[in-house]
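Below is one structure, written out as structure tokens, with a few remarks after it.
In UniProt numbering, the protein residues as written are 1 to 207.
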């Protein structure tokens, strides 16, 4: 089983040229980071879209969420941006030339679900598995939760994901604040629900 993430930037045609260039650079950096960390393969296309294949599926969802949150928090950008993401787990080939020439249900499922996804949402699917309706509903809740976060809340949730869901005291030390402050802020944004969703998906795909 592999994981395939397909995504595109939201309202890219309405961005200023500098904002567009920075957002595309953020996509390219994300692809490069995933290549270095997870052996992923990816490419950009159509200017504002990309596809990324993870040969080991477990890191894919955490990585996708970190990227979406970083864009939304404006990390490395002058203006925060958003993206629509479709992550699919399933069978697929791993080609030396990357996803452009690869085949399999994970690629097809990821691309088709991106076309159907609401703008700015994140959709997760396990191809050929049961529970599609339940997973779709969970993704709607997740997209709703992420869409309501402030910039500082997105930054905090990004740090929580990046830390591998570290204990609150550890995260507090990293962010130079109190454990109580971190616990209260994480609870307010439903961070542990996001953590449990990641765990659920990874359990279903064999993580």
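Just so you know, even glycine gets a beta-carbon here, dropped at the ideal spot from N, CA and C.
Just so it is clear, the structure is predicted and the values come from calculations on it, not from any experiment.
How many angstroms separate the CA atom of residue 125 from the CA atom of residue 75?
-> The count along the chain shown starts at 1 and reaches residue 125 at position 125. The count along the chain shown starts at 1 and reaches residue 75 at position 75. Taking the straight line joining both Cα atoms gives about 28 Å.
Of the residues 53, 65, 9, 20, which one's Cα is nearest the Cα of residue 154?
-> As a first step, residue 154 is located in the chain shown; it is residue number 154 there, counting from the start. Nearest option by C-alpha distance: 65.
For residue 13 and residue 20, the rounded distance between their alpha carbons = In the chain shown, the residue the question calls residue 20 occupies position 20. In the chain shown, the residue the question calls residue 13 occupies position 13. Whole-angstrom Cα-Cα distance: 8 Å.
My guess is that residue 63 and residue 158 are in contact by the Cβ rule of under 8 Å, so how many angstroms apart are they, rounded?
-> As a working note, residue 63 is residue 63 in the chain shown. As a working note, residue 158 is residue 158 in the chain shown. Rounded, the Cβ-Cβ distance is 11 Å, inconsistent with contact.
CB-CB under 7 Å to residue 201, same chain, minus the five flanking residues each way: which ones, in chain order?
-> Along the chain shown, read from residue 1 onward, the residue named residue 201 stands at position 201. Excluding residues within five positions, the ones whose Cβ falls inside 7 Å are 61, 124.
Among 92, 81, 127, 195, which residue has its Cα nearest to the Cα of residue 260?
-> With the chain represented from 1 up to 207, any question about residue 260 goes unanswered, as that position is not in the structure.
Report yes if the CB atom of residue 40 is closer than 9 Å to the CB atom of residue 205, and no otherwise.
-> Here residue 40 refers to the residue found at position 40 of the chain shown. Here residue 205 refers to the residue found at position 205 of the chain shown. No.
Give every residue of the same chain whose Cβ lies closer than 6 Å to the Cβ of residue 37, excluding the five residues on either side of it in the sequence, and list them in chain order.
-> Translated into positions along the chain shown, residue 37 becomes position 37. Excluding sequence neighbours, residue 37 sits near nothing in its chain.
So, helix, strand or coil for residue 49, using DSSP?
-> Taking the first residue of the chain shown as position 1, residue 49 is located at position 49. Strand.
May I ask you to list the residues that DSSP assigns as paired with residue 104?
-> Against the chain shown, residue 104 aligns to sequence position 104. None; residue 104 has no bridge partner.
Hey, how far is the Cα of residue 127 from the Cα of residue 182?
-> Counting from one through the chain shown, the residue named residue 127 turns up at place 127. Counting from one through the chain shown, the residue named residue 182 turns up at place 182. Computed Cα separation, rounded: 36 Å.
Run the CB neighbour count on residue 45, radius 10 Å, all protein chains shown included, and call it buried at 16 or more, exposed below.
-> Here the question's residue 45 lines up with position 45 in the chain shown. Residue 45 should be labelled exposed.
What three-state label does DSSP hand residue 81 in the structure shown?
-> Indexing the chain shown from 1 puts residue 81 at position 81. Reduced to three states, the DSSP call for residue 81 is coil.
Straight-line CA distance for residue 167 to residue 144?
-> Taking the chain shown and counting its residues from 1, the one referred to as residue 167 is at position 167. Taking the chain shown and counting its residues from 1, the one referred to as residue 144 is at position 144. Cα to Cα, the separation comes out at about 25 Å.
Quick one: what does DSSP say residue 226 is sitting in, helix, strand or coil?
-> Given a span of 1 to 207 for the chain in the structure shown, any question on residue 226 remains unanswerable.
So what does residue 122 bridge to, in DSSP terms?
-> Locating residue 122 in the chain shown gives position 122, counting from the first residue. Bridge partners of residue 122: 85.
Measure how close the beta-carbons of residue 7 and residue 50 come, nearest whole angstrom, since I'm counting them as under 8 Å.
-> For the purposes of this step, residue 7 is taken as residue 7 along the chain shown, with counting starting at 1. For the purposes of this step, residue 50 is taken as residue 50 along the chain shown, with counting starting at 1. At roughly 6 Å, the Cβ-Cβ gap stays under 8 Å, so residue 7 and residue 50 are in contact.
What residue does the alpha helix (DSSP H) around residue 168 start on, and which one ends it?
-> For the purposes of this step, residue 168 is identified with residue 168 of the chain shown, where counting begins at 1. Annotation: the continuous alpha helix (DSSP H) that includes residue 168 extends over 168-175.
Should residue 31 and residue 9 be called a contact, given that it needs their Cβ atoms to be closer than 9 Å?
-> The count along the chain shown starts at 1 and reaches residue 31 at position 31. The count along the chain shown starts at 1 and reaches residue 9 at position 9. Not in contact: residue 31 and residue 9 (Cβ atoms no closer than 9 Å).
Residue 17 to residue 189, Cα distance in whole Å?
-> Position 17 of the chain shown holds residue 17. Position 189 of the chain shown holds residue 189. C-alpha separation (whole angstroms): 33 Å.
I think residue 72 touches residue 80, with their Cβ atoms under 8 Å apart; what is that distance to the nearest whole Å?
-> Here residue 72 corresponds to residue number 72 of the chain shown, with the count starting at 1. Here residue 80 corresponds to residue number 80 of the chain shown, with the count starting at 1. That pair is a contact at about 5 Å.
When 34, 111, 150, 122 are compared against residue 137, the one with the closest alpha-carbon | On the chain shown, position 137 is the one that residue 137 refers to. Measuring from the Cα of residue 137, the nearest candidate turns out to be 122.
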